[in-house]
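Worksheet: one structure, shown below.
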Amino acid sequence: MTEPRDYKPTLNLPKTSFPMKANLAQAEPATLARWQANDVVGAVTQARAASEPFVFHDGPPYANGSIHVGHLLNKVLKDIVVRSVLMEGRACHYVPGWDCHGLPIEHRVMTGLVESGKAAKLDTLSDDHRRMAIRRECAAYATKFIKSQAIQMQRLLTLADYANPYFTMQPQYEAGTLEVFADLLEQGFVFRQLKPVHWSIANQTALAEAELEYEDRVDPSIYVDFEAADRAKVDAVFKTECACNPSFMIWTTTPWTLPANLAIALHPTAQYALVEMDGSLTIVAAEMLERVAAIVGATTVTTLATARGSDLVGLEYRHPFCDRTGRIVAADYVTMDDGTGLVHTAPGHGDDDYRTGLREGLDVYCPVQGDGTFDATAPAWLRGKVVWDANTLVVEHLRASGHLVHALQFTHSYPHDWRSRTPVIFRATEQWFIGVDRRGVRAGQSLRTMAMDAVNNSIKFVPQWGYSRMKGMIENRPDWCISRQRAWGLPIPAFRTPNDGVFMTAASVRAVAACVRDKGSDAWFTLSPAELLGSYDAGSDPDAPQDLDISALSKMYDIFDVWFEAGSSWNSVLRQRGIGFPADLYLEGSDQHRGWFQLSMLPALGVTGVNPFRTLLTHGFLVDKDGRKMSKSAGNALDVDVILKDFGAEVARWWVSGVAYDGDIRIDLDYFKVAGESYRKVRNTLRFLLSNLYDAPPWTQEEALAIARAAKPESIDGWLLGELSLLELECRAAYKAYDFRRVHLGIFNFCNESLSSIYCAAVKDRLYCDAADSPRRRQTQATARTAMEVLCRLLAPFLPHTAEEAWTALRGSDAPLLFSQVHLGIAATRDARWDEVMIARSAVSKALEGAKSLGIENPLDAAITLPDPIGALAPFAAELADLCGVSRVALDAEASTVTVADLRSQPRCDRSWRRDSTVRQRSDGGMLSDRDALSVGVLPKLS
Numbered sequence: 012m013t014e015p016r017d018y019k020p021t022l023n024l025p026k027t028s029f030p031m032k033a034n035l036a037q038a039e040p041a042t043l044a045r046w047q048a049n050d051v052v053g054a055v056t057q058a059r060a061a062s063e064p065f066v067f068h069d070g071p072p073y074a075n076g077s078i079h080v081g082h083l084l085n086k087v088l089k090d091i092v093v094r095s096v097l098m099e100g101r102a103c104h105y106v107p108g109w110d111c112h113g114l115p116i117e118h119r120v121m122t123g124l125v126e127s128g129k130a131a132k133l134d135t136l137s138d139d140h141r142r143m144a145i146r147r148e149c150a151a152y153a154t155k156f157i158k159s160q161a162i163q164m165q166r167l168l169t170l171a172d173y174a175n176p177y178f179t180m181q182p183q184y185e186a187g188t189l190e191v192f193a194d195l196l197e198q199g200f201v202f203r204q205l206k207p208v209h210w211s212i213a214n215q216t217a218l219a220e221a222e223l224e225y226e227d228r229v230d231p232s233i234y235v236d237f238e239a240a241d242r243a244k245v246d247a248v249f250k251t252e253c254a255c256n257p258s259f260m261i262w263t264t265t266p267w268t269l270p271a272n273l274a275i276a277l278h279p280t281a282q283y284a285l286v287e288m289d290g291s292l293t294i295v296a297a298e299m300l301e302r303v304a305a306i307v308g309a310t311t312v313t314t315l316a317t318a319r320g321s322d323l324v325g326l327e328y329r330h331p332f333c334d335r336t337g338r339i340v341a342a343d344y345v346t347m348d349d350g351t352g353l354v355h356t357a358p359g360h361g362d363d364d365y366r367t368g369l370r371e372g373l374d375v376y377c378p379v380q381g382d383g384t385f386d387a388t389a390p391a392w393l394r395g396k397v398v399w400d401a402n403t404l405v406v407e408h409l410r411a412s413g414h415l416v417h418a419l420q421f422t423h424s425y426p427h428d429w430r431s432r433t434p435v436i437f438r439a440t441e442q443w444f445i446g447v448d449r450r451g452v453r454a455g456q457s458l459r460t461m462a463m464d465a466v467n468n469s470i471k472f473v474p475q476w477g478y479s480r481m482k483g484m485i486e487n488r489p490d491w492c493i494s495r496q497r498a499w500g501l502p503i504p505a506f507r508t509p510n511d512g513v514f515m516t517a518a519s520v521r522a523v524a525a526c527v528r529d530k531g532s533d534a535w536f537t538l539s540p541a542e543l544l545g546s547y548d549a550g551s552d553p554d555a556p557q558d559l560d561i562s563a564l565s566k567m568y569d570i571f572d573v574w575f576e577a578g579s580s581w582n583s584v585l586r587q588r589g590i591g592f593p594a595d596l597y598l599e600g601s602d603q604h605r606g607w608f609q610l611s612m613l614p615a616l617g618v619t620g621v622n623p624f625r626t627l628l629t630h631g632f633l634v635d636k637d638g639r640k641m642s643k644s645a646g647n648a649l650d651v652d653v654i655l656k657d658f659g660a661e662v663a664r665w666w667v668s669g670v671a672y673d674g675d676i677r678i679d680l681d682y683f684k685v686a687g688e689s690y691r692k693v694r695n696t697l698r699f700l701l702s703n704l705y706d707a708p709p710w711t712q713e714e715a716l717a718i719a720r721a722a723k724p725e726s727i728d729g730w731l732l733g734e735l736s737l738l739e740l741e742c743r744a745a746y747k748a749y750d751f752r753r754v755h756l757g758i759f760n761f762c763n764e765s766l767s768s769i770y771c772a773a774v775k776d777r778l779y780c781d782a783a784d785s786p787r788r789r790q791t792q793a794t795a796r797t798a799m800e801v802l803c804r805l806l807a808p809f810l811p812h813t814a815e816e817a818w819t820a821l822r823g824s825d826a827p828l829l830f831s832q833v834h835l836g837i838a839a840t841r842d843a844r845w846d847e848v849m850i851a852r853s854a855v856s857k858a859l860e861g862a863k864s865l866g867i868e869n870p871l872d873a874a875i876t877l878p879d880p881i882g883a884l885a886p887f888a889a890e891l892a893d894l895c896g897v898s899r900v901a902l903d904a905e906a907s908t909v910t911v912a913d914l915r916s917q918p919r920c921d922r923s924w925r926r927d928s929t930v931r932q933r934s935d936g937g938m939l940s941d942r943d944a945l946s947v948g949v950l951p952k953l954s
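Quick note on numbering: my numbering labels position 693 of the sequence shown as 704, and the sequence is numbered without any gaps.
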């Protein structure tokens, strides 16, 4: 008797060079090196040279320190956008940038100079030489971190032009910024004024709103009496006779600002009460009386008379500790939410106060110096004291003089310098501003009006809540203070005249810009005014003063707010480099509504009348798994390098692609472990498809697709092609809508369910056991090949390394560049009849689970009878056994439930392990089905 054959060598067992284990941490750097060696960025740019452009603009991160997980999120999202656009056949040139100037770098450099003992030498230098010494150190510091951050960002596998980045300290960039400033100056948006600004005592410079962070702070909350200067006038207003001199009671949480008090504001339409409170006469808002009395602990309160706020306007009071009087003024911003309805007003220390002071003709008085101490105009007992210490001194002085009604501690949200983490003050100084409510000469509209029109009519917000956030910020923003008092930055090119005036015109700024383009902004500190203005022609400048003597000018040393520099990138990068303007997309974190988004809009609208971006995509902040803000000090920060070492960039990118970025995002190392498991499932699915294509004919993409399309709609290949087409359509639409999570879930579910659980399980038998060149096997290989073509393209924006690895395994080492390809556009029809088939398959799975109790552990040991009352399953009869993973399926129009028959007593094929009705012993001694016998050549092929 012939011995049974070993049939394993006759099987078409899978083979592939695509490894099961990704080894991402080791493999990705090799991929990155290959991309750089082959100039993939240049190749993609060339391949898309004639394509419709998509203008993406990278907001510049700060060149300070290593990148953090927030950068990881941001850079990967940007790269997904760029790569997805390329796969649609459009051109997209991603130019990375860095923000180089500003206080954080200067602060770090100065700290280093102090620690090294070099700082003392700076004081021996002239102003220009001292500033240049600091600037050289700052430039070196920024350059160092640009290089290190660029390496880290490339390690994230981003497809950006790191060979040609932009830096805000590049001469051509600085010149572009000055040209924007010249245009804004020419339009009348720029002005210089003594005005209260947020002031950092720690760094002795003005700050913009975008440079503030709000933190809780405990301050004194005090109620103070300001005695009326003329009792008779008060009597006349309230139509009564006061027994003693009444007082106006105010409330403040900044006692240190009381030395600068020049007025008390009230609401003109509110009612104010003259009350006797524990023996003293006091004036407060009638609406606030009960609350005030409770807070100050008054035991007896009697209302003597009331009067309308407007009737009190013009009354005077005596300052409680300064030898002067102030007066009562009206202001609509006075509310009845807190306090007494009477607002202490110091025009030198508050924005509302300042505007009220201007209207009322009050001085902009500020007795506080840049270091936060009081000057010689303050009372003697405050001179030289820091404002925070002055709080206690003022309270005690008021207590001693009898003007303090009540004091308590008050916790409130207070602005802090975003870098020094110290509280800021409002302090009046001479600064340069961009006025948001001034009408432009050419535009005839204010920046606020133009920005609101853009927000309401021309910007697409993703997510939509960005609209209300931006709208509110534009509606309420103050004038933009663009000047800073530091060394490391782009100088504002203003000159001081001999009579202490200021000279700066649009033409003079453009002349300095030309000099800066050639020599860089250091020229401001190394050249004379005459040299800086070398190309300036006063005779052709209509704004030049008649008596201008350039040789008599001296340089001023304010520098630009770094946000103005970053906010001019639409000109210095997009327009100057010919990339395109406006951008199709700006993409940053939600904090940039008050930062780069808004501060790019204002200059661009002022200069061009065009908003610099069409779509604004905003992502949330990363928080830890408990929802807490992440920081090194809190001990919950994650190191990007550790993530890349432990998981690889692909897993990190896969995680990013799956998050809902429209709100704050929780992050933890365990989440990357979960993402790694998910990634491996996708990878293993790709590997299965590739491993069964090793002996496929060398089809072109078009040939394979044509064969796949020829599949009958009732075949499992026809079903997959319909599902694949739907996936392609939905993912492409989701990419265009920046709904990356929907793409992620679509691809994962397709790989995990449609492919792995259904299709791959169903076709495994034919791939392994059919004759190698059988039409059915070739049909499935063509379908699998098409699925790989589609998946490589859909996955490429998320997993560029893995997609290229799979693409090379599919196409060979000489394959064309993946990102020179476009989506296939399968356009196959999904057959809805398959829904009934899948319902039947689920029913079979449940029945087989129940059959385990009968000892039927292997589905191939089972025969299934399916109810088919209306014949819905009959067209699919040839696929049902493979689809359900069983040996036999019968359809019964009369049956009402799925039944499972035990086939363990029936002969089993030694090659496929199936127990179909054709299995019998063959001439080689093996038990084979007809199909398997044909495959191994025991039976002759049928003609």
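Note that beta-carbon positions come from the ideal geometry of N, C-alpha and C, so glycine has one too. Only a predicted model underlies this, so the values are computations on that prediction, with no experimental measurement involved.
- For residue 330, DSSP records no beta bridge to any residue.
- Leaving aside the five residues that flank residue 298 on each side, the residues in its chain whose CB is nearer than 6 Å to its CB run, in chain order, 347.
- Taking a 10 Å sphere around the C-beta of residue 125, we find fewer than 16 other C-beta atoms and assign the residue as exposed.
- When the five nearest sequence neighbours on each side are left out, the beta carbons in the same chain lying within less than 6 Å of the beta carbon of residue 806 are those of 814, in order along the chain.
- If you compare the alpha carbons of 944, 243, 648, 914 with that of residue 935, the shortest gap goes to 944.
- Counted as a single uninterrupted DSSP element, the beta strand (DSSP E) harbouring residue 427 occupies residues 415–428.
- Taking each of 442, 189, 231 in turn and checking the Cα distance to residue 202, the smallest one comes out for 442.
- Using a Cβ distance threshold of 9 Å, residue 274 and residue 331 do not count as a contacting pair.
- Under DSSP, residue 204 shares a beta bridge with 442.
- Proximity to residue 822 across 20, 22, 28 peaks at 28, based on C-alpha coordinates.
- Taken through DSSP and simplified to helix, strand or coil, residue 157 comes out as helix.
- With fewer than 16 other Cβ atoms from the protein chains shown falling within 10 Å of its own Cβ, residue 423 counts as exposed.
- A distance below 8 Å between beta-carbons, with the five flanking residues on each side excluded, links residue 745 to the following residues of its chain, in chain order: 751, 753, 754, 757.
- The DSSP assignment places no complete beta strand (DSSP E) segment of no fewer than 3 residues inside the region 659–686.
- Comparing C-alpha distances from residue 179 to each of 325, 281, 572 shows the shortest one belongs to 572.
- Taking C-beta atoms as the reference points, residue 687 and residue 662 count as a pair closer than 9 Å.
- Residue environment: residue 617 is assigned as buried (16 or more neighbouring CB atoms within 10 Å of its CB, all protein chains considered).
- Counting C-beta pairs closer than 8 Å gives three or more between the region 844–859 and the region 903–910, which meets the contact rule.
- The C-beta of residue 120 has 16 or more other C-beta atoms within 10 Å across all chains shown, which makes the residue buried.
- In this chain, the alpha helix (DSSP H) harbouring residue 44 covers 35–48.
- Between residue 23 and residue 653, the alpha-carbon positions lie close to 42 Å from each other.
- Leaving aside the five residues that flank residue 292 on each side, the residues in its chain whose CB is nearer than 8 Å to its CB run, in chain order, 253, 254, 255, 256, 257, 258, 285, 286, 315.
- Taking residue 781 as the centre and dropping the five residues before and after it, the same chain places the C-beta of 23, 787, 788, 942, 946 closer than 8 Å to its C-beta, in chain order.
- The beta-carbon separation of residue 171 and residue 107, rounded to 4 Å, stays under the 8 Å limit for a contact.
- In the three-state reduction of the DSSP assignment, residue 236 falls in the strand class, which pools E and B.
- Here residue 714 is exposed: its Cβ has fewer than 16 other Cβ atoms, across all protein chains shown, within 10 Å.
- In the structure shown, residue 789 adopts helical secondary structure according to DSSP, grouped into three states.
- Counting only runs of 4 or more residues that sit fully inside the region 70–139, the alpha helix (DSSP H) segments are 80–98, 114–127, 130–133, in chain order.
- Fewer than three Cβ pairs drawn from the region 666–681 and the region 41–50 lie within less than 8 Å of each other, which leaves the two stretches out of contact.
- Residue 680 and residue 36 have their C-alpha atoms roughly 16 Å apart.
- Distance check between residue 525 and each of 512, 545, 506 places 545 closest, using alpha-carbon atoms only.
- In this model, residue 590 and residue 619 are separated by some 16 Å (Cα to Cα).
- For the alpha helix (DSSP H) assignment, the uninterrupted runs of no fewer than 4 residues enclosed by the region 211–259 are, from N- to C-terminal side, 242–249.
- With a contact defined as Cβ atoms closer than 8 Å, residue 241 and residue 327 qualify at about 6 Å.
- By the neighbour-count definition (other C-beta atoms within 10 Å, threshold 16), residue 361 is a buried residue.
- When DSSP assignments are scanned along the region 853–930, the uninterrupted stretches of beta strand (DSSP E) that are 3 or more residues long and fall wholly within it turn out to be 873–878, 899–903, 910–913.
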